[in-house]
Structure formats: structure tokens, C-alpha cells
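**Student:** Before I ask anything, here is the structure I am working with.
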Amino acid sequence: KVVAVIMVGGPTKGTRFRPLSFNTPKPLFPLAGQPMVHHPISACKRLPNLAHIFLIGFYEEREFALYVSSISNELKVPVRYLKEDKPHGSAGGLYYFRNIIMEDNPSHIFLLNCDVCCSFPLTEMLEAHKRYGGMGTVLVIKVSAESANQFGELVADTITNELLHYTEKPETFVSDLINCGVYIFTRDIFTAIQEVSTHREGQANIRHLSSFETLQSPTRALPVDFIRLDQDILSPFAGKKQLYTYETMDFWEQIKTPGMSLKCSGLYLAQFRFTSPHLLAAGDGTKSATIVGDVYVHPSAKVHPTAKIGPNVSISANVRVGAGVRLISCIILDDVEVQENAVVINSIVGWKSSVGKWSRVQADGDYNAKLGITILGEAVTVEDEVVVINSIVLPNKTLNLSVQEEIIL
Ligand code: GDD
Numbered sequence: 006k007v008v009a010v011i012m013v014g015g016p017t018k019g020t021r022f023r024p025l026s027f028n029t030p031k032p033l034f035p036l037a038g039q040p041m042v043h044h045p046i047s048a049c050k051r052l053p054n055l056a057h058i059f060l061i062g063f064y065e066e067r068e069f070a071l072y073v074s075s076i077s078n079e080l081k082v083p084v085r086y087l088k089e090d091k092p093h094g095s096a097g098g099l100y101y102f103r104n105i106i107m108e109d110n111p112s113h114i115f116l117l118n119c120d121v122c123c124s125f126p127l128t129e130m131l132e133a134h135k136r137y138g139g140m141g142t143v144l145v146i147k148v149s150a151e152s153a154n155q156f157g158e159l160v161a162d163t164i165t166n167e168l169l170h171y172t173e174k175p176e177t178f179v180s181d182l183i184n185c186g187v188y189i190f191t192r193d194i195f196t197a198i199q200e201v202s203t204h205r206e207g208q209a210n211i212r213h214l215s216s217f218e219t220l221q222s223p224t225r226a227l228p229v230d231f232i233r234l235d236q237d238i239l240s241p242f243a244g245k246k247q248l249y250t251y252e253t254m255d256f257w258e259q260i261k262t263p264g265m266s267l268k269c270s271g272l273y274l275a276q277f278r279f280t281s282p283h284l285l286a287a288g289d290g291t292k293s294a295t296i297v298g299d300v301y302v303h304p305s306a307k308v309h310p311t312a313k314i315g316p317n318v319s320i321s322a323n324v325r326v327g328a329g330v331r332l333i334s335c336i337i338l339d340d341v342e343v344q345e346n347a348v349v350i351n352s353i354v355g356w357k358s359s360v361g362k363w364s365r366v367q368a369d370g371d372y373n374a375k376l377g378i379t380i381l382g383e384a385v386t387v388e389d390e391v392v393v394i395n396s397i398v399l400p401n402k403t404l405n406l407s408v409q410e411e412i413i414l
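Here you go:
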């Protein structure tokens, strides 16, 4: 038996995701029409002998209750949300709930960050992990040397794939091979975390005795139960024949910003062609809108037959799209109205917003730039014939004048 654990973080994390994380926890923000966390969950569902999926976070229980019960019913796999009373770090959270996680007596535990977008090749990882015979296997990918420092950089043995050296977000270049935030462990991981915690406790006691050091750096020490998987486990256990790597040749991205969520929405829509073609809009028949490329339309949305939609467009529940509207590369959230002949390009339109007739909401589509995509927060009104370019508009604003490269507070 295997179990999967998805780390979802909490409200103090994901701040770069504002204003979209004001009212919705980032893990539930829709990509390709499904909550972000739905994509790793579906990947876990494809594993043979999966007993349980756990989401660990420090969001309020009620924020996940509805999603967790509906997905459990849909997939016929028990999905459970485990709430930490405070952040314990990515390994500390796992350790904190070790008794619950081990209830099914699993031989292997998958651990996934919720904010990565990839094809989650979990079955292949499990096979590789069994061949290696270590405590853990880390999914890794080669990225450009310029971007590597945003991630954990690592060195692996080219023949055995052993993880030889690991540094989290180093200041000077180590390697273009990086940690994807997807892992598989045997139950020995709990002993490893326990060891690190005991060591930490020992150090804390020494520090307590030496008042000199306490005076110098009173806040340096981390709480004994706060343990990070990367710095506190991967770094010290590298090069000890316990950790191995599995390299993916498929797509992989990290989802820290709204811009990246738009990019990843497109990657998941493209993946639906192979995994869930029934979720893609077909655009057949004279009564339906013109569909270009990969598009998701929620069944409750009403799209006028003269609208033209796509590529990379996701339309959520109860959206109304008027006559002659053009949508390209965008996420339109629940209850939005896009009125006649409006155009939305490279943008995210927040819940309950409205875009007026002949208006344009657009951006140049540089997913990594601060104003590279336009974002309308919740309940924003763009009046008729207004143009919004490369801007972020905070919730509840009304725009009656055109703006460009502005943050409207
Ligand atoms: N439940 C819980 N509790 N989750 C947490 C906590 C915690 O205390 N701290 C972090 N997380 C979750 C986050 O929500 C995220 O899904 C994951 O754990 C990792 O978050 P961070 O520890 O903030 O690291 P990061 O995202 O900046 O980088 C990590 O992931 C990269 C891949 O996306 C590192 O492991 C990098 O090395 C790696 O490249």
C-alpha cells in the first residue's frame, strides 16, 4: 500500500499570489478549471494500491471541507485535510501527523508540494525508487542556469542517480539540476526527521547554557519542531546512499505568482488532451462559440455563439460571455460577466467582476514580469469602452477611465 501527502501551506504563505489569494486559499485557485491541488490529487489517484491522500496545511479546516468531501466521493479514494496548529515546515508537518499517515501501514509515502505544475510521473518514480533501494527519491529537472537559484540546486551521480550534494536556493551557482518538490519515501523518513529534531533540541540546550551566543543572536534558532525538508533533511542526508533522484523530461513549473498560474493553466489544459479530453471544449455545432486550441468551459457558463474563445482559456461557473466577445489566454473566474464585443487577453478576471461593452482587458503576457498579465481582483467593474493594459486592479474597484501599467489600490 502507498499513501500520498500534499503540503498546502497556509494563509501566511503564498503572499506573492495576491490579490487572488485574498478570499480563496491558493491551493484551491482554479487552473484549467480545477483547483490547483486537484491536479496532484488526480495524479495520485492513478497510483496502484493508493490507500489515502492527506492534505497538510494551516488554513482553517472549513476552507477545505467542501472540496475534500466532494473529491473523496468523486475519486472514490479517501482524501483528508489535516490542520496544523502552526507551521511546522515541510518535513515537520509530515512528522507531526506521522501516526495518522501510518495508520494504513503503507510501504511508501509520496510527498508533493501543492504549488508545482508537472505531469507527476509517480508510478515511474516508484519503480525507480525501488531499484535504488534508498530512503527517498526526489523528482528533479534541468532548468536554465539563470533560473536555477530560485530552487533547490543539486548534484547527482550520473550512473547511480544518487543525490550527492544539495543546496537550497544558493547565492552562487551550483547546478542546473533542481528539486521539483515531488518525493517518495520509505517509512525511514520519520526516523530521519526525528534525528534532526533531537539534534536541534541538543543544540538548543547548549545555546541555553552559553548566554554569550544567546546575547549575540537571540532569534537565530528555529523551533525544535520546525523542520524543512530541503535544508534540514536533503542537505545533511545527501551523499550518504540514502537519497536518489529521478529526472523528468516532461514539463515542470512552480506556481508562486498569478502570472505563472496563467501559464500553468495552459500546461494543464494541454495535458487534458491525453488525460481528460472530455473536459476540453469542442466547439462543434452551429449553436456553440468558436473554439481555438485548448479551452475549458464550466457546464453552467453561458457563452454566446458569436464569441471566439482560445487558446488557453478557462471559464468558471456561472460566467456569462456576450456576443462578439474575444477571449485569448485568460482565466475567467466564477460569476463574471463579459459584455458584448469586449476583448480579454493575457489576463485573470476575478470572481463577480464585469467587463463592459467594447472594453479591453489585456497585457503583453510576460508571465514572469510583475505587470506582465492584467489581473482584476474580486468584484471589479470595468465600464463600457475602457481599456486596461498591464495592470493589477484590487477588489471592488470601478474603472471608468483607461489605465496602463498601474496598480489600482
Ligand atoms: N503544511 C505545511 N506547513 N506546508 C508547508 C509549510 C508548513 O509549515 N511550509 C511550507 N509548506 C508547503 C508549501 O505550501 C509548499 O507547497 C511546499 O511546502 C514548499 O514550500 P516552501 O518550503 O516555502 O519552499 P519553496 O516552495 O520556496 O521551495 C521548495 O519547492 C521547490 C519546488 O517548487 C523547495 O523544496 C525547493 O528546493 C524546490 O525547488
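In my numbering, the protein residues as written are 6 to 414. Cβ atoms here follow ideal geometry from the backbone N, Cα and C, with glycine treated the same way.
Would the segment 388-404 and the segment 273-284 be scored as touching if the rule is three or more Cβ pairs under 8 angstroms?
**Tutor:** Contact fails: fewer than three Cβ-Cβ distances are below 8 angstroms.
**Student:** Measuring only the C-alpha atoms, how far is G38 from G207?
**Tutor:** Those two C-alpha atoms are separated by around 48 angstroms.
**Student:** Check whether the Cβ of P45 lies closer than 7 angstroms to any heavy atom of the ligand GDD, and answer yes or no.
**Tutor:** Not so, every heavy atom of the ligand GDD lies at least 7 angstroms from the Cβ.
**Student:** Take F195 and list the residues in its own chain whose beta-carbon comes closer than 7 angstroms to its own, dropping the five residues that flank it on each side.
**Tutor:** Excluding sequence neighbours, F195 sits near Y100, R103.
**Student:** Less than 7 angstroms between the CB of D120 and some heavy atom of the ligand GDD, yes or no?
**Tutor:** At least one heavy atom of the ligand GDD is nearer than 7 angstroms to the Cβ of D120, so yes.
**Student:** For Q221, collect the residues of the same chain with a Cβ closer than 7 angstroms to its Cβ; drop the 5 residues on either side in sequence, then sort them by chain order.
**Tutor:** Interpretation of Q221 is limited by its pLDDT of 49, a score under 50 that renders its predicted location unreliable; the figure taken from the coordinates is listed afterwards. Nothing meets the Cβ criterion.
**Student:** State yes or no: is the C-beta of Y372 within less than 8 angstroms of the C-beta of K292?
**Tutor:** Cβ atoms of Y372 and K292: not closer than 8 angstroms.
**Student:** Could you give the distance in angstroms between the alpha-carbon of S334 and the alpha-carbon of S305?
**Tutor:** Going by the C-alpha atoms only, they are around 20 angstroms apart.
**Student:** Relative to the C-alpha of G370, which candidate in N110, I380, R331 has its C-alpha closest?
**Tutor:** When only C-alpha atoms are compared, the closest one is I380.
**Student:** Considering C269, what are the terminal residues of the alpha helix (DSSP H) in which it resides?
**Tutor:** 263-280 is the extent of the alpha helix (DSSP H) around C269.
**Student:** Leaving out the 5 sequence neighbours to the left and right, which residues in its chain are closer than 6 angstroms to P83 when beta-carbon positions are compared?
**Tutor:** Within the same chain, P83 has close Cβ partners H57, S77.
**Student:** What residues in its chain sit with their C-beta under 7 angstroms from that of G139, if we drop five residues either side in the sequence?
**Tutor:** Excluding sequence neighbours, G139 sits near K246, Q247, L248, Y249.
**Student:** Run through the DSSP bridge pairs and tell me what G141 is partnered with.
**Tutor:** In the DSSP output, where bridge partners are listed per residue, G141 has F190, L248.
**Student:** Give, in chain order, every unbroken run of the alpha helix (DSSP H) that is at least 4 residues long and sits entirely within the segment 48-125.
**Tutor:** Here the runs fully enclosed are 66-80, 94-101, 103-106.
**Student:** Hey, would you say A150 sits closer than 8 angstroms to D181, going by beta carbons?
**Tutor:** The answer is yes: Cβ separation under 8 angstroms.
**Student:** Whole angstroms are fine: how far does the CA of Y86 sit from the CA of L25?
**Tutor:** Each residue's Cα considered, the two are about 22 angstroms apart.
**Student:** If you measure between the beta carbons of F63 and G15, is that distance less than 8 angstroms?
**Tutor:** A contact, by the Cβ cut-off of 8 angstroms.
**Student:** For the beta strand (DSSP E) containing L381, name the first residue and the last one.
**Tutor:** From DSSP, the beta strand (DSSP E) with L381 extends over 379-381.
**Student:** Which of the three DSSP states is assigned to Q201 in this structure?
**Tutor:** The identity of residue 201 in the sequence shown is Val, whereas the question assumes Gln. In the structure shown, V201 sits in a helix (DSSP, three-state: H, G or I).
**Student:** Would you report the Cα separation of S358 and E342, rounded to the nearest angstrom?
**Tutor:** Whole-angstrom Cα-Cα distance: 7 angstroms.
**Student:** Using beta-carbon positions only, say whether A287 and V308 come within less than 8 angstroms of one another.
**Tutor:** Cβ distance not < 8 angstroms, so A287 and V308 don't count as in contact.
**Student:** Could you spell out where the beta strand (DSSP E) holding G327 opens and where it closes?
**Tutor:** From DSSP, G327 is part of no beta strand (DSSP E); its letter is neither H nor E.
**Student:** Tell me whether R233 counts as near the ligand GDD, meaning its Cβ is closer than 7 angstroms to at least one heavy atom of that ligand.
**Tutor:** Under cutoff, so the answer is yes.
**Student:** Let me confirm a value: T165 is counted as buried when at least 16 other C-beta atoms fall within 10 Å, else exposed. Which label applies?
**Tutor:** T165 comes out exposed.
**Student:** Are there any heavy atoms of the ligand GDD lying less than 7 angstroms away from the beta-carbon of G98, as far as the coordinates show?
**Tutor:** Yes, since a heavy atom of the ligand GDD falls inside the 7 angstroms radius drawn around the Cβ of G98.
**Student:** Spatial neighbours of L239 within its chain, please: CB distance less than 6 angstroms, with the 5 preceding and 5 following residues excluded, ordered by chain position.
**Tutor:** The answer, listed in chain order, is Y171.
**Student:** Cutting at 8 angstroms between CB atoms, please list the residues of its own chain near K362, excluding the five before and the five after it.
**Tutor:** G327, Q344, E345, N346, A347, D389, E390.
**Student:** On the CB-based measure, 16 or more other CB atoms within 10 Å of its CB, does R365 come out buried or exposed?
**Tutor:** Buried: at least 16 other Cβ atoms inside 10 Å.
**Student:** Whose C-beta lies closer than 6 angstroms to the C-beta of V300 among residues of the same chain, with five residues either side of it excluded?
**Tutor:** Cβ within range, chain order: A286, I314, G315, V318.
**Student:** Roughly how many angstroms separate the alpha carbons of P310 and G355, rounded to a whole number?
**Tutor:** Answer to the nearest angstrom: the Cα atoms are 23 angstroms apart.
**Student:** Using the C-alpha atoms, what's the distance from G271 back to V349?
**Tutor:** Going from the Cα of V349 to the Cα of G271 covers about 16 angstroms.
**Student:** So, using beta-carbon positions, are L127 and A48 closer together than 8 angstroms?
**Tutor:** Going by C-beta atoms, L127 is nearer than 8 angstroms to A48.
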